[in-house]
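Here's the structure we're looking at; comments come further down.
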Amino acid sequence: MSMLNYAFKRIIQIIPILIIVSVLIFFMIRLIPGDPVTIRLGPKATPEMVRILTIKEGLDKPIPVQYIIFIKNLLRFDMGNSIVYHIPILVLLKKRIVVTLFLTLFTLIFSVVISFPLGYLAGIKENKIQDQIIRTGALVALSAPQFWVGLILMILFAVSIHIFPVGGWGDTWLQHLRAIILPAFTQSLMTAALLARNLRNGVVDILKMDYVDFAKSKGLDDKVIKNRHIIRNAMIPYVTLIAMRAAYMLGGSIIIETVFALPGVGALMIESIYGRDYTVIQGVVLIFALVVMTINILTDLTYAYLDPRVRFE
Amino acid sequence: MKIKLILFIVLLLVASIFITALAEKEISKQIVIGRLEDSNDLDPITQDGNVNIWIFNLALEGLVKTSDDGTAIEPCLADSWDISEDGLTYTFHLKKGVKFSDGTPVTGEDWVWSFLRARDTEESIWKFSLTALKDVTAPDDNTVILTLKEPWAPFLADLAMFNALVQKKAYYEKVGQEAYSQKPIGTGPYVIKEWKRGEYLLLEKNPYYHIKGLPKTDEIKFVVVADSNTRILQLQAGQIDVATFVPFDKMKELENDPQTKVVGFPSTETRTVVFNHTKKPFDDLRVRLALEYATDKQALLNFILFGYGEVATTYTSKAGKYFNYGLKDRGYDVDKAKALLAEAGYPDGFETEFLLPSGNQVYEQLAILLKEQWSKIGVKVNIIALEVGLAVTGYRTMNYEISVHHWTDDIPDPSQQADRLFIPERTNCVWTGWRSDRAIELVKQGVREINPTKREQIYLELQQIYYDEVVEMSMFYVPYPIAMRKEIEGFVQTPFGNYRFENLVKYLK
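Residue numbers (the working numbering), protein chains in the order written: chain G, 57 to 369; chain Y, 995 to 1503.
Here you go:
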């Protein structure tokens, strides 16, 4: 099967999955006790006010009817208005997605830049002092709470020495860039630790493979062995892990966004769940289901590039 | 000669220093205020959340307003008013030449429309305050006449509320509800310039503001910084100028910081512990009294609010009108509490559940400390901390035994709170299930009684009933904890939470 056919087949598969996701999310969020109107109106609301607003938001209709309305609108590319904010979900999401994408991108860059050399070094120096230090460091990075690391970094680099802003997103691209470095670095520590450990284990395993010994006995240059045999083979699980982490991070990180006052998707999502803003939750979940599936397809395509043995079937 | 010359130069130098110091200090163009969460909708008639009220109140104004300390009603867009003898006709003489922030004059039509929209729109949230309003007319652009169906004692106070503000009719009709709720137009000192959801809300000086020379600062930027630690770090680093909702445990630290100062603005916020009177044993007054005697409120206040605020003795705050100063805190008396419990048939205490929203530090600490204090009389408390939506639902469907409640007033009059608290049809007496026919009668009298002395007696008696019956356990009066840079002057927050920023400035060093 050609790569194009394969990609097409995978894209078609997205549709039934999206339908299942939409049904699950639509009914599940409505099963949680609490409704958006009561929560929004606060402690001074009378039952009469709650009733009027419930009708106005269309929340008095049976849930299957609400689902049909939702799907009908969706087919017209209308995800509806936020129940809390009264503006279209796409307007609400647009800006926040940019923040989260930016944060994810920089987190990945930091993660790779940190984890690749360290993971490789630890692998080829198995059980030596370098390996021990890197593994301990990874353990610390994995177990340190993000909010704590974030605050410490902020106190050091933003309050004591004013290199970076104390959270916030800024107005210009230059300000965004300055604003994203500390949160991205904080968020990357955990991913970098995971990636480094993964790469190290991969390298350790590959070094024991017969084909590496064979390559050495052929008298191949160390550099060639390294590039063609070790790194390339160790990259497959590494890339899988990156993709998984990227998909996870695109959902937004509530801790990082809260500590660094970033207006990203994570903060919106949590706020919407607390406020039972059904339409926003539905919209965000659907969009991210789509994004995650797209990343998965792209990852599968990357395998083929990295490993010619992979066939599209 | 030389000495004279030197003296002259020295004098000149000293004088120049004095002159520079006397010259007006330079002020910043923009002031940044950090807050916990973003607003969601700025339509003054459909919203009653503080995140919204506190913003649109900077952009819109009404006939009257509350004084900064919240105790009196002052003229705002009305210079003066006459009230007919029967209390049914209010004639307001408007300040001349007032313009909306877009430069167009405020017309009588705008006034009529604003009032009728607030009274007649179905989802108008506080139409209760305008139920007595029969008609609004504007014989000319400088007079507004409001007629009532029946005498309504708190009417002037109701007119100071956020749903009675003048807005521009033509603009609403042009842009429609959705756009309007993002940017209403009024006559207030500030105009909503830009709103980036979840990030910031930027207010700009109203160039047509009716008081010359005010407001002093060009722009106010409200930024959302949900994490309290970050908000405080931003203040210390000078990234924001004012931090609102400062956790009480951080107030001392910021007070000692040479760069910052703190203020606890008096508020009408009262926090209470509520009992479900429809469930045993809370239907028994002796049990409620026992729990109150077993609570060391001052110790709780010191621990939870770090000494800020005050122990509450009734449902309403001292910042409100007709406060009953005769009511005293019952005090902490474990023996008396034990005796009352024994009398009620619970000599060994009982087991109960305490429902609260998780993530609220004040409530969580309160529940833990009450559990500890009440254990001394044999009452075993199981704390159930649920996600906010679940906790609210549990509380309002009366699926709880003990929970927490808070109230802040919107008007300088006790009628609003009394209505919600004592009329069962409104909120089931703040979801306690309690009921008193005498209280209902008094609430109804309270809104109709024009004589201030008689009126005061009504509200004093209501507070007495609440106190005697231990409807809820009043806990604390909580101030608004604000921290700001030392260079900030003129930050005012009324007991109702509204900001008064006309004189707010930040001096540049």
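C-beta: ideal position from N, C-alpha, C; glycine also.
(message) Since K1128(Y) and T1141(Y) should fall inside the 8 Å C-beta cutoff, what is the C-beta to C-beta distance between them, to a whole number of angstroms?
(response) 5 Å
(request) Look at the alpha carbon of P221(G) and the alpha carbon of M325(G), and state the distance between them as a whole number of angstroms. (result) 25 Å
(request) Could you name each continuous beta strand (DSSP E) segment of 3 residues or more that falls completely within the segment 1415 to 1474 of chain Y, going from the start of the chain to the end? (result) 1466 to 1471
(message) Which residues in chain G have a C-beta closer than 8 Å to the C-beta of R1390(Y)? List them in chain order.
(response) T94
(message) Taking 7 Å as the threshold (C-beta atoms), are F162(G) and A240(G) in contact?
(response) yes
(message) Quick check on M210(G): buried or exposed, where buried means 16 or more other Cβ atoms within 10 Å of its Cβ?
(response) buried
(message) Which of the three DSSP states is assigned to I1179(Y) in this structure?
(response) coil
(message) Between E1263(Y) and chain G, is the shortest Cβ-Cβ distance under 7 Å, so that the two count as touching?
(response) no
(request) Count the C-beta pairs between the segment 138 to 158 of chain G and the segment 288 to 297 of chain G that are closer than 8 Å, then say yes if the count reaches three, no if not. (result) no
(request) From the DSSP output, in three-state form, read off V1486(Y) for me. (result) strand
(message) Let me see if you follow: with CB-CB separation under 7 Å, is Q1024(Y) close to chain G or not?
(response) no
(message) Quick check for students: name the residue ranges of the alpha helix (DSSP H) that lie wholly in the segment 1240 to 1292 of chain Y, counting only runs of 4 or more.
(response) 1242 to 1250, 1279 to 1287
(request) Quick one: using the 10 Å Cβ neighbour count with 16 as the cut-off for buried, is N129(G) buried or exposed? (result) exposed
(request) Run the CB neighbour count on S1074(Y), radius 10 Å, all protein chains shown included, and call it buried at 16 or more, exposed below. (result) exposed
(request) Could you name each continuous beta strand (DSSP E) segment of 3 residues or more that falls completely within the segment 76 to 101 of chain G, going from the start of the chain to the end? (result) none
(message) Would you say R1029(Y) lies against chain G (beta-carbon separation less than 7 Å)?
(response) no
(message) Whether or not the segment 1080 to 1100 of chain Y and the segment 1141 to 1154 of chain Y are in contact is what I'm after, with contact meaning three or more pairs of Cβ atoms, one per stretch, closer than 8 Å; do they touch?
(response) yes
(message) So for D1129(Y), helix, strand or coil by DSSP?
(response) strand
(request) Give a yes or no on contact between the segment 1374 to 1382 of chain Y and the segment 1335 to 1348 of chain Y, applying the rule of three or more CB pairs nearer than 8 Å. (result) yes
(request) Give every residue of the same chain whose Cβ lies closer than 6 Å to the Cβ of R253(G), excluding the five residues on either side of it in the sequence, and list them in chain order. (result) A194
(request) Tell me, please, whether the CB atom of N1492(Y) is closer than 7 Å to any CB atom in chain B? (result) The displayed structure is made up of protein chains G and Y, and chain B is not among them.
(message) Counting only Cβ pairs nearer than 7 Å, list the residues of chain G close to T975(Y).
(response) Residue 975(Y) is absent from the structure shown; chain Y starts at 995 and stops at 1503.
(message) With the cut-off set at 7 Å, would you say M1392(Y) and N1270(Y) are in Cβ contact?
(response) yes
(request) Use the C-beta contact count for I298(G): other C-beta atoms within 10 angstroms, 16 or more gives buried, fewer gives exposed. (result) buried
(request) Count the other C-beta atoms from every protein chain shown that fall within 10 angstroms of the C-beta of W1368(Y), then say buried if there are 16 or more, exposed otherwise. (result) buried
(message) Just to confirm before moving on: does the CB-CB distance between V1217(Y) and P1475(Y) stay below 7 Å?
(response) no
(message) I want to verify the contact list: residues of chain Y whose CB lies under 8 Å from the CB of Y141(G), in sequence order.
(response) N1034, D1035, R1191
(message) If contacts are defined as beta-carbon pairs under 8 Å, then F1086(Y) and L1057(Y) qualify, I think. What distance do you get, rounded to the angstrom?
(response) 5 Å
(request) Answer with yes or no whether the minimum CB distance from P319(G) to chain Y is below 7 Å. (result) yes
(message) Per the DSSP calculation, E1304(Y) is bridged to which residue(s)?
(response) Y1471(Y)
(request) Taking F1216(Y) as part of the alpha helix (DSSP H), name the residues at either end of that continuous run. (result) Not the alpha helix (DSSP H): F1216(Y) falls in the beta strand (DSSP E), residues 1213 to 1218.
(message) Considering Cα atoms alone, identify which of V147(G), L245(G), L255(G) is closest to D187(G).
(response) L255(G)
(request) Could you please tell me which residues of the segment 1220 to 1250 of chain Y, in chain order, have their CB closer than 7 Å to any CB of chain G? (result) A1220, D1221, N1223, T1224, L1227, Q1228, Q1230, A1231, Q1233
(request) Taking the CB atoms as reference points, tell me whether G1192(Y) and D1037(Y) lie closer together than 7 Å. (result) no
(message) To the nearest angstrom, how far is the alpha carbon of Y1316(Y) from that of Y1453(Y)?
(response) 6 Å
(message) Please classify V196(G) as buried or exposed, where buried requires at least 16 other C-beta atoms within 10 Å of its C-beta.
(response) exposed
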